[in-house]
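Peer 1: The structure under discussion is supplied below as C-alpha cells; questions concerning it will follow.
Number of protein chains: 2
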Amino acid sequence: MHQSPDEMTVLEMLGSTNLRQSTPEDYRILREIVNSFERYSGVGNDIQLTLAEHAANELIMCEKTREYAKGIMDPSKFVLHTVRKSPLFQILSKMPKGAALKVHDTSMCSLRSVIELTYRENLWVCTTQDGCRVEAFRFAKEKPKDPMEKLRELRGERNLRKYLLVRFSMYPLASFTTNAHAWRHMMGIFDLLDGLLQYAPLWGDYYYNALKEFYADGVRTVLPQLYCLDGSLLPKRQTVQIYKDTLEQFKKENPGFIDSKLIYAPIRHVQPEVKEFPGFVVGFDLVGQEDVGHPLSQFAEELLKLPDHINFYFHAGQTNWYGSHVDQNLLDAIVLGTKRISHGYTITKHPVLMRLAKYLNIALEVCPVSNQVLQLGSDYRNHPAATLIAENVPMVIASGNPAFWRAAPLSHDFYMAFLGIAPMNADLKFLKRTAKNSIRYSSLKDEGKAEAMGKWKRKWDQWVANIAAQKENQENK
Amino acid sequence: MHQSPDEMTVLEMLGSTNLRQSTPEDYRILREIVNSFERYSGVGNDIQLTLAEHAANELIMCEKTREYAKGIMDPSKFVLHTVRKSPLFQILSKMPKGAALKVHDTSMCSLRSVIELTYRENLWVCTTQDGCRVEAFRFAKEKPKDPMEKLRELRGERNLRKYLLVRFSMYPLASFTTNAHAWRHMMGIFDLLDGLLQYAPLWGDYYYNALKEFYADGVRTVLPQLYCLDGSLLPKRQTVQIYKDTLEQFKKENPGFIDSKLIYAPIRHVQPEVKEFPGFVVGFDLVGQEDVGHPLSQFAEELLKLPDHINFYFHAGQTNWYGSHVDQNLLDAIVLGTKRISHGYTITKHPVLMRLAKYLNIALEVCPVSNQVLQLGSDYRNHPAATLIAENVPMVIASGNPAFWRAAPLSHDFYMAFLGIAPMNADLKFLKRTAKNSIRYSSLKDEGKAEAMGKWKRKWDQWVANIAAQKENQENK
C-alpha cells in the first residue's frame, strides 16, 4: 500500500506542529522530510543504477533538460511530427523497451509496409468520385471492380501512395474535435484495411512483418474470418492457426526473439472461439469505443464461464467523462479479475479503484499518443498517468494503433511519457522500470518471463554501453 | 485520512479472492461493496438533503442530465460564452454561493462598471496609432494628454465601449497558445487599469461596487499607492483605510451582508506594510506567474517573521508542468502553515502533499475558468480537481479575475465545476458542501463564521424553496 506507517508519522508530525510559528530551521527540516518522501516514492524509485547507467543517465538528463527548457518556453512546439528530429527521441528510439503489451493486430505494421501490400497480385479496388476516393479493397480471381494497377496508372504512383498514407492514418490530427469523431474516423480506417489484410495468403506475411518491426506480446485481435481468392471464408480457427504457424517460423529464424501471444478481443461481444490454442491465445478482451458500446457488466456471466487458462486484459475507462458507465467498466474489469487494464484513463478519479489496482498488482497500459489522437486530452502535461507515476501504481507504456498516427511502435509513447507526463526529474530509473514492467506484466509464464528478462537485459546493457561511450566521445572532443 | 480501516478490509478481501474464478453472485456482491465505497466518499457525501432540497435536486439533476447528454454528443459546444443561455446556469447563477474566497481587487467588478468609470471628470488618455490604441489612463488637473471626451467623440461612443471591452478582457480566448502568453496579456490589462482604478477618489467607489456585485471575502490586493488629482501619491496605509471606510459604509447600508477581509498579496516580494489594521488585513500571499517569479522558499525567513495575526493564503502550484520549482511552492506553502492554497493545480501529482492538505484541513481554491483561460487545460474533464473531489480533499470553488473573461463572480466557475469536473452524479449535496466550504474556510473567526452561516442558510432555503415551487409549477402544467 502507498500509505506506509512512515507517511502517517509525517502527517501526524506536521499536524501537531504550529507551522505558522516555526523557526526557519524547523521549516527547513520539515520541508526536507516531506521532500524526501516524494523522492523515494514514484515509479522507478526501486531501481539502482550501475556505473555505466549513471554515465548514460547523465547524457540522457542533459538532453531532457534541454528539451524541457524549450518546452517551458513554448509547449505548442511539442508536437508529434517534429519529435523525430529530437536527439532525446533518437536515444529513446534505440532503447530496448521490452514488449509492446497493447497493440491491435490490424494497426501494428508501419503504413509503408501496408502500402507495399497493395502491389500484390489480384487486388481490385472499389472507388467513387471518378477514382478519387478509395472505398474498399478486395483480392479476387474474377473482376469485382477496377484492378489496382489501373488506379495506379490513373492517379500516378507517387500521388496514390501519398493519398493512401493519408487514408490509412489519423492525419491531419487537428481535424478531429471530439473523441466520438476521432473514433468514427479510426473505425473507417479499420474497414478500409479489412479487404486488404484479411486476405488469407497475406495475413501471415503481415504478422511476420509486425514481428520484425517489434516484439509484440499480447496482440489484441478481433479474429477476422479470412477470405480466399475464390471468395470463400476460412473458419476463425484458421486465423489463429496462421498466427501460430507464422510465429513458429519467425522464432526459428530469430532465436533472440522472446515470444508473442494473442488476446482475443472481439468488438464488445463475447464469442467462445477462444478455447482452442491454449498457450497461444492467452487472453480475452472486449474492444471498441466504450461510450457507445455495451458495458462489461452486461457480459459478466458469460465472461466468468470462459476457461481458466484465458486471462482477462480488459479495455476500461478510456474516457475523460467522469461517472458515466465507462467508468463502471473499470470497476468491473477489476472485480472480474483482469490482469491488466488497457488505458484506464479515468482511474485517477476513482481512488479506491486506483488503490485496488496497486494492491492487486494490475498494470495499467498507458497509451499517451493514442489518448491525444483520440481527443481524450490535447496536453500531455494534464495526462492522468502523472498521478499513477507519483502513486507508483503498476503501469506499462504502450501504443495501441501506432501505424494510424505514423508513430514508431513504442518510441513516441515513451518519449511523450518521459518528457510530457513523468516529473522533470524522472530519469533512466523510470525508463528502466517501465521497460522491465513490460515483461513483468506480460502474459508469459514465470519461466518465460525469466528468459525474456535475460534477453532484454543483454540488449539493455549494450544500449547503455553505447550511450556511455557516446558521452565519453563528446567529453574527449 | 481517506484510507479508513474499512477500505483496507476491502482491499484485503479482494486480494485474497481468486476473482477470475468468482461465481456471478460473488462478482455482483464484490462489485456492490466496492461501488458503495465510492458512493460514500467524495465531496458532499456528508450532506443530508431536506425534503425541499430533494425536490429541488430532482429538477437540478434533470437539467444537468440533459446538458450532460448534449455534451457527450459534442463537448466542443461546452464553451464559456454560450453558457449563460443554459437553464442550469440560470439556476446556479441564483444559488447563494457563500463567499468568493479568491478574487483579486482590480479584476473584481464587471467590465461594464469599469467602463462607467471612464466617464468621470478629469480623465485623460494616452493613445498611439492616431487614437486607435489606448495605452494608459490618468486623472489629472493639468492636461497630460488628450481628454477622454475627445477620444470618445473621435471614435464614437459605442465603438469605444466595444473597444475597451476587448482591451480590458482576455478575449478572444483562443488567441493564447501558451500559459506564458496568456499571462503577459493579463498583466497588460492590469497595467492599463492602473491609471483608472488607482485614482484615490475612485478606489472606494470601485470596491463599494464590487461588494454590491458579490460578497468577496479575502480579497487579494497588491496594495497600490493611490494618486490624487495633483499627481501626489498617498501612503499605502491610506489604500487600506479607504477599503476599511468603504466596507463600514457598505455594511451599514446592507445589514444582510456578511463581511469582507483583505489579503495583502504583493507581486512575489515580501513587504512589511501589513502590520497595521489587524482584523481587516488578515492574510498574506505572493502573486504573479509562478514559473517566472521567485519561489516561496526564497522568502521563507521573512515570511515567518510576519506577525501572528497575519495568516498565509498562498498561491502555489499554478502550473501543468510536473516537477518544476512551481511544484515546490506547494510544499513550501504547506510547510509554512498556509490556511488555503490558491489553485494548487499540480497537487494531484504530489499525493503526499495532497494527503497533507486533507489531514491539515487546508482548502484548495479551485478556479476552473481561470485555468482554462490561462491555458493550463483546455478541457474541463481533465481538470485535476476531479481527483480532489473523489478524495474529498477540502476545496472551494473560486474565480480569480472573473471580469477579465466577462464571467459572473462565481456562477461560471460553479457551472463548469458541477458539469465539467465533478462526477455525473454529483448533485445538490456537492453544491451545498462547496458553498458551505466557502464560509468554513473563510478568514472569519469562529463567531463570524457562525453568523455568516446563518445568513447564508436563510438565502439558501429561500433559493431551494423557489426551485421546488418551480418544479411543482412545471408538474401541474
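Chains as they are written, first to last, in the working numbering: chain C, 1 to 477; chain E, 1001 to 1477. Even glycine gets a Cβ: it sits at the ideal position worked out from N, Cα and C. Quick caveat, the model's predicted, so the values are computed rather than measured.
1. To test your reading of the DSSP string, which unbroken alpha helix (DSSP H) runs of 4 or more residues are found completely within the region 111-175 of chain C?
2. Suppose the cutoff is 7 Å on Cβ atoms and the five residues either side in sequence are ignored; what does the same chain contact list for E/Arg-1152 look like?
3. Just the chain E side, please: which residues come within less than 7 Å of C/Trp-386 by C-beta, in chain order?
4. With 9 Å as the threshold, decide whether the Cβ of C/Leu-11 is near any Cβ in chain E.
5. If the cut is a Cβ gap below 7 Å, which residues of chain C does E/Gln-1048 touch?
6. For E/Val-1373, which option in E/Thr-1348, E/Pro-1402, E/Thr-1387, E/Ala-1417 has the closest C-alpha, if you only look at C-alpha atoms?
7. Given a limit of 8 Å on CB to CB distance, which residues of the region 417-443 of chain C reach chain E?
8. Residues of chain E with a CB under 7 Å from the CB of C/Arg-355: which are they?
9. Quick check on this structure: which residue in E/Tyr-1206, E/Gln-1328, E/Val-1125, E/Glu-1472 has the alpha carbon closest to the alpha carbon of E/Glu-1116?
10. With 16 as the cutoff for other CB atoms within 10 Å, does E/Ser-1443 come out buried or exposed?
11. First and last residue of the beta strand (DSSP E) that includes E/His-1343?
12. For E/Asn-1425, which three-state DSSP category applies?
13. DSSP puts C/Val-366 in a beta bridge; with which residues?
14. What residue range does the beta strand (DSSP E) around C/Phe-312 cover?
15. Can you tell me which residues form a DSSP beta bridge with C/Phe-531?
16. With a CB to CB cut of under 7 Å and the five nearest residues on each side skipped, what residues in its chain are close to C/Ile-189?
17. Does the beta carbon of E/Pro-1024 come closer than 9 Å to any beta carbon on chain C?
18. Applying the 10 Å Cβ sphere with the 16-neighbour rule, what's the burial state of E/Arg-1458?
19. Exposed or buried, C/Arg-158, counting other C-beta atoms within 10 Å across all chains shown (16 or more means buried)?
20. Less than 9 Å between CB atoms is the rule here; does C/Glu-63 satisfy it with respect to chain E?
21. What residues in its chain sit with their C-beta under 7 Å from that of C/Ser-93, if we drop five residues either side in the sequence?
22. Kindly say whether C/Ile-334, judged by its beta-carbon, lies nearer than 9 Å to any beta-carbon of chain E.
23. Taking its Cβ as the centre, do 16 or more other Cβ atoms sit within 10 Å of C/Pro-423, making it buried, or is it exposed?
24. Does the contact criterion of 3 or more C-beta pairs under 8 Å hold for the region 1381-1391 of chain E versus the region 1340-1349 of chain E?
25. Kindly say whether C/Val-34, judged by its beta-carbon, lies nearer than 9 Å to any beta-carbon of chain E.
26. For the pair the region 1356-1372 of chain E and the region 363-380 of chain C, tell me if three or more CB-CB distances fall below 8 Å.
27. Kindly say whether C/Ser-175, judged by its beta-carbon, lies nearer than 9 Å to any beta-carbon of chain E.
28. Take C/Leu-223 as the anchor and find which of C/Pro-24, C/His-185, C/Ile-267 has the nearest alpha-carbon.
29. Name the chain E residues that come within less than 7 Å of C/Asn-382, Cβ to Cβ?
30. Does C/Asp-285 have its Cβ less than 9 Å from a Cβ in chain E?
31. Expressed to the nearest angstrom, what Euclidean distance is found between the alpha-carbon atoms of C/Asp-259 and C/Leu-49?
32. Can you check whether the C-beta of E/Glu-1007 is within less than 9 Å of a C-beta belonging to chain C?
33. With E/Lys-1261 and E/Gly-1204 assumed to form a contact (beta carbons below 8 Å), what rounded beta-carbon distance in angstroms separates them?
34. Work out the CA separation of C/Ser-86 and C/Lys-70 for me, nearest whole Å.
35. Should the region 1126-1142 of chain E be called in touch with the region 1169-1189 of chain E, which here means at least 3 C-beta pairs below 8 Å?
36. I want to see whether chain C comes within less than 9 Å of E/Gln-1129, judged by CB atoms only; does it?
Peer 2: The structure says:
1. Runs found: 111-117, 148-155, 157-167.
2. Annotation for E/Arg-1152: Leu-1160 place their beta carbon closer than 7 Å to its own, counting only its chain and skipping 5 residues before and after.
3. Per the sequence shown, residue 386 of chain C should be read as Ala rather than Trp. Simply Tyr-1322, Lys-1349.
4. Yes, contact with chain E.
5. Scanning chain C for C-beta atoms nearer than 7 Å to the C-beta of E/Gln-1048 yields nothing, as the closest lies near 21 Å away.
6. Answer by Cα proximity: E/Pro-1402.
7. Ile-421, Ala-422, Pro-423, Met-424, Asn-425, Ala-426: these are the residues of the region 417-443 of chain C whose beta carbon lies less than 8 Å from some beta carbon of chain E, given in chain order.
8. Here the neighbours are Leu-1011.
9. For E/Glu-1116, the closest C-alpha among the options E/Tyr-1206, E/Gln-1328, E/Val-1125, E/Glu-1472 is that of E/Tyr-1206.
10. Residue environment analysis places E/Ser-1443 among the buried positions, since at least 16 neighbouring C-beta atoms fall within 10 angstroms of its C-beta.
11. If you look at E/His-1343, you'll find it in the beta strand (DSSP E) that goes 1340-1343.
12. Coil, per DSSP.
13. Under DSSP, C/Val-366 forms a beta bridge with C/Ile-397.
14. Counting along the chain, the unbroken beta strand (DSSP E) around C/Phe-312 starts and ends at 311-316.
15. Since the displayed chain C opens at 1 and closes at 477, residue 531 of chain C lies outside it and no answer follows.
16. Spatial neighbours of C/Ile-189 in its own chain (CB-CB distance under 7 Å, excluding positions within 5 residues in sequence) are listed in chain order as Phe-168, Phe-404.
17. Answer yes: the Cβ-Cβ gap between E/Pro-1024 and chain C drops below 9 Å somewhere.
18. E/Arg-1458 is exposed by the Cβ-count criterion.
19. C/Arg-158 comes out exposed.
20. No, C/Glu-63 does not count as interfacial toward chain E.
21. The answer, listed in chain order, is Ala-408, Ser-411.
22. It does; some Cβ of chain E falls within 9 Å.
23. Around the CB of C/Pro-423, 16 or more other CB atoms lie within 10 Å, so the residue is classed as buried.
24. Touching, yes, given that three or more Cβ pairs across the two stretches are closer than 8 Å.
25. Between C/Val-34 and chain E, the shortest Cβ-Cβ separation is below 9 Å.
26. Touching, no.
27. With 9 Å as the cut-off, C/Ser-175 does not count as an interface residue toward chain E.
28. Per the Cα distances, C/Ile-267.
29. C/Asn-382 reaches chain E at Asn-1320, Gly-1377, Asn-1382, counting residues in chain order whose Cβ is nearer than 7 Å.
30. So, not an interface residue.
31. For C/Asp-259 and C/Leu-49, the distance between alpha carbons rounds to 27 Å.
32. So, interface residue.
33. Contact between E/Lys-1261 and E/Gly-1204 is ruled out by a C-beta separation of about 17 Å, above the 8 Å threshold.
34. The straight-line gap from Cα to Cα measures roughly 12 Å.
35. Contact between the region 1126-1142 of chain E and the region 1169-1189 of chain E is absent, because fewer than three Cβ pairs lie under 8 Å.
36. Chain C contact via Cβ: absent.
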